[in-house]
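J.: Dropping the structure in here first, questions after.
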Amino acid sequence: MSDDGLLHRKLAPGKLVIASHNKGKLREIAELLAPYGIETVSAGALGVPEPEETGTSFVANAELKARFSADLTGLPALADDSGLCVEALGGEPGIFSARWAELDDGSRDFAEGMRRVHARMQEAGDEAGHDAHFICALSLAWPDGHVETFEGRVDGLITWPPRGDRGFGYDPIFQPLGHAISFGEMEPEAKHAMSHRADAFAKLVAALF
0 MSDDGLLHRK
10 LAPGKLVIAS
20 HNKGKLREIA
30 ELLAPYGIET
40 VSAGALGVPE
50 PEETGTSFVA
60 NAELKARFSA
70 DLTGLPALAD
80 DSGLCVEALG
90 GEPGIFSARW
100 AELDDGSRDF
110 AEGMRRVHAR
120 MQEAGDEAGH
130 DAHFICALSL
140 AWPDGHVETF
150 EGRVDGLITW
160 PPRGDRGFGY
170 DPIFQPLGHA
180 ISFGEMEPEA
190 KHAMSHRADA
200 FAKLVAALF
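Going by numbering that gives the first Met the number 0, the sequence shown opens with residue 0, and the numbers climb by one from there.
Below, the structure written as C-alpha cells:
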C-alpha cells in the first residue's frame with residue numbers, strides 16, 4: 000500500500016519502452032530512470048509510430064501514448080504528455096504546446112513556438128501578468144492494459160528574450176519561482192531536482208519501485 004492509500008503494481012526489472020519521439024524528453028526520462036537499473040528503448044527505435052493525440056487533457060494523452068506502445072511492443076511503456084500553461088493566455092498553449100511550435104511543413108521549431116507565446120502575451124498586455132506553469136503527466140502501461148498515471152507541476156514566470164541553450168522546448172522562456180535563471184540556463188541536475196517531469200517521476204518511483 001502506498002502513501003496515497005492506493006495499491007500500485009510494481010515495475011519489474013527489464014526493458015521499458017519510452018513512448019516518445021522527442022529527443023529532449025527521451026534524454027531526460029532516461030537520465031531520471033538511470034539510477035533504477037531500467038533498460039530503456041525508444042518507441043522510434045522499435046519502429047512504433049506516434050499515435051494521434053486525441054485526448055483533451057495531459058493525462059488522457061499520456062495514457063493514450065503509453066497504451067499504444069505497450070500494445071504494439073508487448074513491453075511495458077512509459078509515456079509523457081507535458082506542456083506550458085500561461086495564465087495570461089487562459090492556460091494556453093497547454094496540451095497544444097508542441098503544435099504551437101509546428102511550421103508549415105509539419106516540422107517543429109520551438110524558437111517559433113516561443114515567439115508565438117510572446118506575441119500572444121503582448122496582445123494580452125502587461126496587466127495580464129507573466130505567471131505560468133509546466134504540467135507533466137507520466138503514464139506507465141503494461142501489455143495487459145493496466146495503466147498507472149502520475150502528474151507533476153512546476154510554477155514560474157515567462158521571461159523574454161529566451162535565455163540559455165540547455166533543456167528543450169519552452170525552457171529558455173520559463174523561469175521557475177525562487178530562481179533568477181531560466182530552465183534553459185540551468186544545469187540538468189538542477190532542473191531534474193524541481194521540474195514538472197521530476198515531480199511526476201518522483202511520484203511514479205514512490206509508487207512503482
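A virtual CB, placed ideally from N, CA and C, is assigned to each residue, including glycine. Nothing here was measured: the structure is a model prediction, and the numbers come from that model.
Measuring CA to CA, which of Ala201, Leu156 and His178 is closest to tyrosine 169?
T.: Leu156
J.: Given a threshold of 16 other Cβ atoms within 10 Å of its Cβ, counted over all protein chains shown, does arginine 115 qualify as buried or as exposed?
T.: exposed
J.: Short of 8 Å in beta carbon distance, which residues of its chain neighbour arginine 152, apart from the five on each side in sequence? Order them along the chain.
T.: His132, Phe133, Ile134, Cys135, His195 and Asp198
J.: For leucine 88, name the three-state secondary structure that DSSP assigns.
T.: For leucine 88, the three-state secondary structure derived from DSSP is helix.
J.: Since valine 146 and leucine 137 should fall inside the 8 Å C-beta cutoff, what is the C-beta to C-beta distance between them, to a whole number of angstroms?
T.: Contact flag wrong, Cβ pair sits at about 11 Å.
J.: Kindly confirm or deny that the stretch 31-41 and the stretch 93-108 touch, where touching means at least three C-beta pairs closer than 8 Å.
T.: no
J.: Hey, how far is the Cα of valine 16 from the Cα of proline 50?
T.: 15 Å
J.: Are alanine 69 and proline 142 touching if we call contact CB-CB under 9 Å?
T.: yes
J.: Taking glycine 183 and proline 161 to be in contact with their CB atoms under 8 Å, please state how far apart those CB atoms are, rounded to whole angstroms.
T.: Yes, glycine 183 and proline 161 are in contact; Cβ-Cβ is about 6 Å, under 8 Å.
J.: Could you spell out where the alpha helix (DSSP H) holding glutamate 52 opens and where it closes?
T.: Note, glutamate 52: premise wrong, no alpha helix (DSSP H); not H, not E.
J.: Helix, strand or coil: which one does DSSP assign to phenylalanine 208?
T.: coil
J.: On the criterion of 16 or more Cβ atoms from any shown chain inside 10 Å, does proline 48 qualify as buried, or is it exposed?
T.: exposed
J.: Residues in its own chain within less than 8 Å of leucine 207 by CB, not counting five upstream and five downstream?
T.: His7, Arg8, Lys9, Leu10, Leu139 and Glu147
J.: Are glycine 177 and proline 171 close, meaning C-beta to C-beta below 9 Å?
T.: no
J.: Give the secondary structure of serine 68 by DSSP, where H, G and I count as helix, E and B as strand, and everything else as coil.
T.: helix
J.: Is it buried or exposed for lysine 64, if we count other Cβ within 10 angstroms and need 16 for buried?
T.: buried
J.: For the stretch 118-176, which segments carrying the beta strand (DSSP E) assignment without a break, of at least 3 residues, lie completely within its bounds, in sequence order?
T.: 130-140, 146-157 and 173-175
J.: Would you report the Cα separation of serine 81 and glycine 166, rounded to the nearest angstrom?
T.: 14 Å
J.: Whose CA, out of Ser19, Phe200, Phe173 and Ala189, lies closest to the CA of methionine 287?
T.: What is shown of the chain runs 0 to 208, which leaves residue 287 out entirely.
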